[in-house]
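Q: Take this structure first; my questions come after.
Given below as structure tokens:
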């Protein structure tokens, strides 16, 4: 896999994908990549190189074979979150 693939629509706000791997052992460790959604269904592709680690103790880029979880989150500000997901996968 080269990255995360989403089919999404929403309220024209910025959301994030958080990835955890076997190397993210502490509860606050993750890899994060942001994306914007509009009111129409669209495909979003986030290459693994676009994900940034939450701290210095993590590898620079997450490895596909070490992924343990994926979350779509509203993060970083007071949100009125509304996001619809038709598909979540990898490419």
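In the numbering used here, the protein residues as written are 888 to 978. Ideal Cβ placement from N, Cα and C applies to all residues, glycine included. Keep in mind that this is a model prediction, so the values were computed, not measured.
In terms of alpha-carbon separation, which member of 957, 976, 889 and 961 lies closest to residue 899?
A: The shortest C-alpha separation from residue 899 is found at 961.
Q: Would you mind working out which of 963, 978, 904 and 896 sits nearest residue 956, comparing C-alpha positions?
A: With distances taken between Cα atoms, residue 956 lies closest to 904.
Q: Is residue 938 buried or exposed, if buried means 16 or more other CB atoms sit within 10 Å of its CB?
A: Buried.
Q: May I have the straight-line CA-CA distance separating residue 936 from residue 968, to the nearest angstrom?
A: Looking at the two C-alpha atoms, the distance is approximately 26 Å.
Q: Got a sec? Which residues, its chain only, sit under 6 Å from residue 951 by beta carbon, not counting five neighbours each side?
A: Here the set comprises 888.
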